[in-house]
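See below for the structure under consideration.
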Amino acid sequence: MRRLFPSPFSPADLDDREWGLDELADLYAYPAGLPAGTAWLRANMVSSLDGAAHHEGRSQPLSSAADMRIFGTLRGLADAVVVGAETVRQEGYRPARAREAFAARRAALGQGPAPVIAVVSAGLDLDFSLPLFTEPLVPTVVLTGADAPAERVAAARAAGAEVLVAGEGPGVDVARVPGLLAGRGLTRLLTEGGPRLLGQFAAAGVLDEMCLSLAPVVATGTAPRIMAGPPLAVPERFALGSVLEDGGFLFTRYRRV
Ligand SMILES: NC(=O)c1ccc[n+]([C@@H]2O[C@H](COP(=O)([O-])OP(=O)(O)OC[C@H]3O[C@@H](n4cnc5c(N)ncnc54)[C@H](OP(=O)(O)O)[C@@H]3O)[C@@H](O)[C@H]2O)c1
């Protein structure tokens, strides 16, 4: 892996070598000193060269070992991972692990051993017998609307999940999610999509940072882009923060201007 941007400090930065998890964690550290009650919402997604966000329903064919290393680092830094229910269903989400590599860093910041997984769902058509709900290190959160089916809410709670209401109808008002989680001390937020959830975060103007892995593969087909949904009235501008390269993959990081 090599750093292409910001400009390398020394020729050694251009060496193609494996970056340690500590180095990656330093590069991707969340901003310090957020105003009280606010959160920082970062997204991490992978795309093919032609913009596909998955191949046959999975993102793994677009990924690489280095991509998974960055994926793991971003989880290791987060208080909570916010994810759409379809991604949980398609990708068979499991509880986040406590990883030794991030333990000291997390303890120093007062974080729990692993990030909370927060699943966004209106219908709650989720398998609550899965380890994601029954065996997490920290209880999984389900974010839903006030009109969510009562029996599914009860099933989620019976499984051990914490159900939080973040909308007046059946669905979640995504603009409320960062503040709601910040109010529970979860301020370093990571969303792993999918495209429909991420499109709503972007449209609501609450997406602070985009970590995009560009995979050197072409997929064609009808898979969505990394964000799906109605177009913004005016495209929103982001500024480049860093670029790493590994095996032809570009690991980019952009911040909202
Ligand atoms: N390339 C990548 O990095 C990447 C990352 C993640 C996922 N993916 C791929 O993307 C696909 C899934 O993405 P997707 O866009 O179809 O789905 P998604 O965004 O993961 O999930 C959509 C579901 O989330 C819930 N949801 C979304 N917005 C909501 C709101 N405002 N209120 C309440 N619930 C809401 C609904 O769940 P209910 O139906 O339960 O109500 C909805 O059906 C998978 O194939 C996955 O592999 C790719």
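Following the numbering used here, the numbering of the sequence shown begins with 3 at its first residue and continues without gaps. Heads up, the beta-carbon is just placed ideally off N, CA and C, and yes, glycines get one too.
{"Asked": "Simplified DSSP state of M70, which is helix, strand or coil", "Found": "helix"}
{"Asked": "Backbone CA spacing between A235 and R198 [nearest angstrom]", "Found": "17 Å"}
{"Asked": "Ligand 1 heavy atom lying under 7 Å from the CB of A55", "Found": "yes"}
{"Asked": "heavy atom of ligand 1 below 7 Å from T142 C-beta", "Found": "no"}
{"Asked": "Straight-line Cα distance separating V179 from A80", "Found": "15 Å"}
{"Asked": "C-alpha gap between P13 and L43, whole angstroms", "Found": "33 Å"}
{"Asked": "Contact test: V176 Cβ vs ligand 1 heavy atom, cutoff 7 Å", "Found": "yes"}
{"Asked": "Inter-stretch contact (C-beta, 8 Å, three-pair minimum) for the segment 206 to 225 and the segment 100 to 115", "Found": "no"}
{"Asked": "8 Å Cβ shell around F251 - same chain, five flanking residues per side excluded", "Found": "S66, A68, D69, S215, L216, A217, P218"}
{"Asked": "Extent of the continuous alpha helix (DSSP H) to which E25 belongs", "Found": "23 to 29"}
{"Asked": "Three-state secondary structure assigned by DSSP to G243", "Found": "strand"}
{"Asked": "Limits of the alpha helix (DSSP H) - the one that L199 falls within", "Found": "197 to 205"}
{"Asked": "7 Å Cβ shell around V127 - same chain, five flanking residues per side excluded", "Found": "In the sequence as displayed, the identity of residue 127 is Asp instead of Val. So the list is empty, once near-sequence residues are dropped."}
{"Asked": "Three-state secondary structure assigned by DSSP to E274", "Found": "Missing from the structure shown is residue 274; the chain here goes from 3 to 259 and no further."}
{"Asked": "Spatial neighbours of R154 in its chain, beta-carbon cut-off 6 Å, leaving aside the 5 residues before and after", "Found": "L126"}
{"Asked": "C-alpha distance - G86 paired with A110, whole-angstrom precision", "Found": "30 Å"}
{"Asked": "Three-pair Cβ contact test at 8 Å for the segment 133 to 151 versus the segment 159 to 167", "Found": "yes"}
{"Asked": "Bridge-paired residues (DSSP) for Y256", "Found": "M212, L242"}
{"Asked": "Strand pairing of R4, partner residues [DSSP]", "Found": "E247"}
{"Asked": "One or two residues paired with T193 in a DSSP bridge", "Found": "A45, V84"}
{"Asked": "Rounded Cβ spacing between A206 and E238 (contact assumed at less than 8 Å)", "Found": "So it is not a contact: roughly 11 Å between Cβ atoms."}
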